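K.L.:
Residue numbers (the numbering used here): -6 to 452.
Where a beta carbon is used, it is the ideal one built from N, C-alpha and C, also for glycine.
For clarity, every value in this text was computed on a predicted model and none was experimentally measured.
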Amino acid sequence: MERWRTIIEPFRIKSVEPIRMTTEPERRRWLEAAGYNLFNLHADDVIVDLLTDSGTGAMSSEQWAGLQRGDESYAGSRSFYRFLEAVRDLFPFRHVIPTHQGRAAEKILFSVVAGAGKAIPNNNHFDTTRANIESTGAEAVDLVIAEGRRASTVHPFKGNVDLDALDAFIRERGPNNVPVVFVTVTNNSGGGQPVSLENLRGVREVCDRYGLPLFLDACRFAENAWFVRQREPGFETTPIPEIVRQMAALADGMTMSAKKDGLANIGGWLAMDDDGVAEQCRNLLILTEGFPTYGGLAGRDLDAIAQGLREVVDEDYLRYRIRSTAYLGEALERAGIPVVQPIGGHAVYIDARALLPHIPPLEYPGQALANALYVEGGIRGVEIGTVMFGRHPDGSETAAAMDLVRLAIPRRTYTQSHVDYVVEVVLGVAERAADLRGYRIVEEPPQLRHFTARFAPLS
Ligand SMILES: *Cc1c(COP(=O)(O)O)cnc(C)c1O
């Protein structure tokens, strides 16, 4: 065992992108002009941007070299075959269909297999997955274990599926009405929590009992594999690619956003073994995405993804990735900031309702905290709470289950000193938590209001 030392960023920096430093009075002005909604800011006016880890990471020098290698032939490009080989090396499905991002893979798959009267279970559906299922008239149902629904419960695999609930659900709805069972690894909507291989095997057994296909929403497959290696008995020395292949071997297909563990800025794919479904999916792909060997992407994007897939299963990368997320979470926790436990793979979630108990949910404590972090230090996180989930189709509004602020960590983008700065800013806001006030909404669209709503501060 090596002596304990700081886990350093396993890369050095060749190309830099300047961050413009700003002042608090400037940020107050910009926030007001943005209707107190951080989505409306110019990214240039943000110092540390933790809005999302999707497509916001840095590419490696080999990925940039891949952009030059990109073959832009319309059909059968070399880039496609490099992409195909890299995907199949980890996920050996018969059919691999590139798409411009994850939600396009979802849209195509659910257009083929879902529809009115159908129901699709998952540990937790990601919001685009749910929306694409519901837009076909089908129902999206969350069956994560009970531990996964409570912010403060510690469990090594909080993303696991409740197997009894899954079995009961399929019996109740009838297997004919469940076209596919999904498992999201890691479970993004549940806080980036992993799923164990044992649980995936259990899901496979339930699927086999009823003859149902199992698909992975595999956006963060490498982070999930790292957690399996760290936390699941018997995997301590198993190479990461091998753990990924074991996950893939339990499934019949997958949807993927290459903007996460593809380490790319754009892209995704849909993969499966079923010839008939794949043919229908390819036909839809041609309608909206493009020819099946590029699917809405440039050849150079396919090369960037192919290289990204080799780098994302690197142990040095994953050790640093997961450690740097935990580093932020643990520093906040040590300082007494309430955070969702345990720290997930790609983000830290601050419990705004617990930090700001004087702001009732319908005055949006998550929005208040996110905005205060921006004013205090130019940090952009995102409210995941009553603003995002509180408005219902019938027009009523209720408190969401939790009011959180998510600080998502882009891959290979910020250094430890950026993260130390984030901790200082959060602590600065926490010191004057009692002075923070809530908001009211002055303008909102009928759906997905968090993206475009405008707010006014309550005095
Ligand atoms: C990001 C994400 C998606 C959707 O992918 P996009 O590339 O953003 O369309 C689906 N599922 C999960 C779990 C995700 O994190």
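Kindly indicate the opening and closing residues of the beta strand (DSSP E) around Leu209.
P.N.:
Position 216 of the sequence shown, counting from 1, holds the residue named residue 209. From DSSP, the beta strand (DSSP E) with Leu209 extends over 207 to 210.
K.L.:
Using a Cβ distance threshold of 8 Å, determine whether the stretch 383 to 396 contacts the stretch 343 to 357, with at least three qualifying pairs required.
P.N.:
yes
K.L.:
Enumerate in chain order the residues of its own chain whose CB-to-CB distance from Gly322 is below 6 Å, with the five nearest sequence positions on each side excluded.
P.N.:
Counting from 1 along the sequence shown, the entry for residue 322 is found at position 329. Sequence-distant partners of Gly322 (beyond 5 residues in either direction) whose C-beta falls short of 6 Å from its own C-beta, in its chain, are Val332, Ile336, Val341.
K.L.:
Can you tell me which residues fall inside 6 Å of ligand 1, judged by beta-carbon distance to its nearest heavy atom, and keep chain order?
P.N.:
Residues with a Cβ closer than 6 Å to any heavy atom of ligand 1, in chain order: Ser47, Gln94, Gly95, Arg96, Phe119, Thr121, Thr122, Thr177, Asn181, Asp210, Cys212, Ser250, Lys252, Lys253, Gly261.
K.L.:
Which class does Tyr432 belong to by DSSP, given the choice of helix, strand or coil?
P.N.:
Here residue 432 refers to the residue found at position 439 of the sequence shown. Looking at Tyr432 - three-state DSSP - the assignment turns out to be strand.
K.L.:
What do you reckon, are the CB atoms on Gly260 and Leu290 nearer than 8 Å?
P.N.:
Along the sequence shown, one-based indexing puts residue 260 at 267. Along the sequence shown, one-based indexing puts residue 290 at 297. Contact flag set, yes.
K.L.:
Are there 16 or more other CB atoms within 10 angstroms of the CB of Asn116, so buried, or fewer, so exposed?
P.N.:
Along the sequence shown, read from residue 1 onward, the residue named residue 116 stands at position 123. Buried, by the Cβ-count rule.
K.L.:
What is the DSSP secondary structure of Ala79, reduced to helix, strand or coil?
P.N.:
Here residue 79 refers to the residue found at position 86 of the sequence shown. In this structure, Ala79 counts as helix in the three-state DSSP scheme.
K.L.:
Might you give, ordered along the chain, the residues of its own chain that have their beta carbon closer than 8 Å to the beta carbon of Ala361, omitting 5 neighbours on each side?
P.N.:
For the purposes of this step, residue 361 is identified with residue 368 of the sequence shown, where counting begins at 1. The residues are Ala345, Leu349, Ile352, Leu429, Arg430, Gly431, Tyr432.
K.L.:
Could you check which residue in Ala244, Phe4, Leu441 has the C-alpha nearest to that of Pro85?
P.N.:
Here residue 85 corresponds to residue number 92 of the sequence shown, with the count starting at 1. Out of Ala244, Phe4, Leu441, Ala244 has the C-alpha closest to the C-alpha of Pro85.
K.L.:
Where does Lys7 land, buried or exposed, given buried means 16+ other C-beta within 10 angstroms?
P.N.:
For this step, residue 7 is matched to residue 14 along the sequence shown. Per the 10 Å Cβ criterion, exposed.
K.L.:
How is Trp(-3) classed by DSSP in three states: helix, strand or coil?
P.N.:
Sequence index remark: in the sequence shown, residue -3 carries index 4 (1-based). In the displayed model, Trp(-3) falls within coil according to three-state DSSP, outside both helix and strand.
K.L.:
Going by the CB atoms, is the gap between Arg404 and Ala79 shorter than 8 Å?
P.N.:
Within the sequence shown, numbered from 1, the residue matching residue 79 stands at position 86. Within the sequence shown, numbered from 1, the residue matching residue 404 stands at position 411. Contact: no.
K.L.:
Return yes when at least one heavy atom of ligand 2 lies under 7 Å from the C-beta of Thr122, else no.
P.N.:
In the structure shown, ligand 2 is absent; the only ligands present are ligand 1.
K.L.:
Hey, out of Arg20, Cys212, Tyr367, whose CA is closest to Ala241's CA?
P.N.:
As a first step, residue 241 is located in the sequence shown; it is residue number 248 there, counting from the start. Nearest C-alpha to Ala241: Cys212.
K.L.:
Since Asn115 sits in a beta bridge, which residues does DSSP pair it with?
P.N.:
Walking along the sequence shown from the start, residue 115 turns up at place 122. Note: Asn115 sits in a beta bridge opposite Asp135.
K.L.:
Within 10 Å of its beta-carbon, does Trp(-3) have 16 or more other beta-carbons around it, so buried, or fewer, so exposed?
P.N.:
Here residue -3 corresponds to residue number 4 of the sequence shown, with the count starting at 1. Trp(-3) comes out exposed.
K.L.:
Short of 6 Å in beta carbon distance, which residues of its chain neighbour Ala158, apart from the five on each side in sequence? Order them along the chain.
P.N.:
Mapped onto the sequence shown, residue 158 falls at position 165. If we look at Ala158 and ignore the five residues flanking it on each side, its Cβ neighbours are Leu136.
K.L.:
Rounding to the nearest angstrom, what Cα-Cα distance links Ala324 and Trp262 in this structure?
P.N.:
In the sequence shown, counting from the first residue as 1, residue 324 sits at position 331. In the sequence shown, counting from the first residue as 1, residue 262 sits at position 269. In a straight line, the C-alpha of Ala324 is about 36 Å away from that of Trp262.
K.L.:
Between Phe220 and the rest of its own chain, which residues show a CB-CB distance below 6 Å, the 5 nearest in sequence each way excluded?
P.N.:
Counting from one through the sequence shown, the residue named residue 220 turns up at place 227. Once the five neighbours on either side are set aside, the close Cβ partners of Phe220 are Pro187.
K.L.:
In whole angstroms, what is the alpha-carbon distance linking Val154 and Gly184?
P.N.:
As a first step, residue 154 must be located in the sequence shown, where it is residue number 161. As a first step, residue 184 must be located in the sequence shown, where it is residue number 191. So the two alpha carbons sit approximately 14 Å from each other.
K.L.:
Grouping DSSP H, G and I as helix and E and B as strand, with all else coil, what is His88?
P.N.:
Start at 1 with the first residue of the sequence shown, and residue 88 comes out as number 95. Note: His88 maps to strand in three-state DSSP.
K.L.:
In the structure shown, what three-state DSSP assignment does Thr121 receive?
P.N.:
Residue mapping note: residue 121 aligns to position 128 of the sequence shown, counting from 1. Three-state result, Thr121: helix.
K.L.:
How is the beta strand (DSSP E) around Arg399 delimited, first residue to last?
P.N.:
On the sequence shown, position 406 is the one that residue 399 refers to. Its beta strand (DSSP E) spans residues 397 to 401.
K.L.:
Of all the beta strand (DSSP E) runs that stay within the bounds of the stretch 289 to 348, which reach a length of 3 or more residues?
P.N.:
340 to 344
K.L.:
Thinking Val237 and Pro206 are a contact (beta carbons under 8 Å), I'd like their distance in whole angstroms, please.
P.N.:
The sequence position of residue 237 within the sequence shown is 244, counting from 1. The sequence position of residue 206 within the sequence shown is 213, counting from 1. Actually they do not touch by this definition, with Cβ atoms about 19 Å apart.
K.L.:
Just to confirm, are Asn459 and Leu31 a CB contact at a threshold of 8 Å?
P.N.:
For residue 459 there is no data in the structure shown, the boundaries of the chain being -6 and 452.
K.L.:
Would you check if there are 3 or more beta carbon pairs closer than 8 Å linking the stretch 302 to 317 to the stretch 277 to 289?
P.N.:
no
K.L.:
Should Leu265 be labelled buried (16 or more other beta-carbon atoms within 10 Å of its own) or exposed?
P.N.:
Numbered from its first residue, the sequence shown carries residue 265 at position 272. Here residue 265 is Met; the residue named in the question, Leu, does not match the sequence. Met265 comes out buried.
K.L.:
Provide the residue span of the alpha helix (DSSP H) that contains Arg381, from first to last.
P.N.:
Along the sequence shown, read from residue 1 onward, the residue named residue 381 stands at position 388. As written in the sequence, residue 381 is Met, which differs from the Arg given in the question. From DSSP, the alpha helix (DSSP H) with Met381 extends over 379 to 382.
K.L.:
For Leu209, I'd like the list of residues in its chain whose CB is within less than 8 Å of its CB, leaving aside the five on either flank, ordered along the chain.
P.N.:
Numbered from its first residue, the sequence shown carries residue 209 at position 216. Taken in chain order, the residues that qualify are Phe175, Val176, Thr177, Val178, Met240, Ala241, Ala244, Gly246, Met247, Thr248.
K.L.:
Check whether the stretch 95 to 110 touches the stretch 120 to 131, counting contact only when three or more Cβ pairs, one atom from each stretch, lie closer than 8 Å.
P.N.:
In short, these stretches touch, since the Cβ pair count reaches three.
K.L.:
Check whether the stretch 377 to 394 touches the stretch 434 to 449, taking contact to mean three or more Cβ pairs, one atom from each stretch, closer than 8 Å.
P.N.:
yes
K.L.:
Tell whether a beta-carbon distance below 8 Å holds between Glu216 and Gly338.
P.N.:
For this step, residue 216 is matched to residue 223 along the sequence shown. For this step, residue 338 is matched to residue 345 along the sequence shown. Going by C-beta atoms, Glu216 is nearer than 8 Å to Gly338.
K.L.:
If contacts are defined as beta-carbon pairs under 8 Å, then Asp160 and Val134 qualify, I think. What distance do you get, rounded to the angstrom?
P.N.:
Stepping through the sequence shown from its first residue, residue 160 is reached at position 167. Stepping through the sequence shown from its first residue, residue 134 is reached at position 141. Incorrect: roughly 13 Å between the Cβ atoms, too far for contact.
K.L.:
When you compare the CB positions of Leu366 and Val419, do they come within less than 8 Å of one another, or not?
P.N.:
On the sequence shown, position 373 is the one that residue 366 refers to. On the sequence shown, position 426 is the one that residue 419 refers to. Contact flag set, yes.
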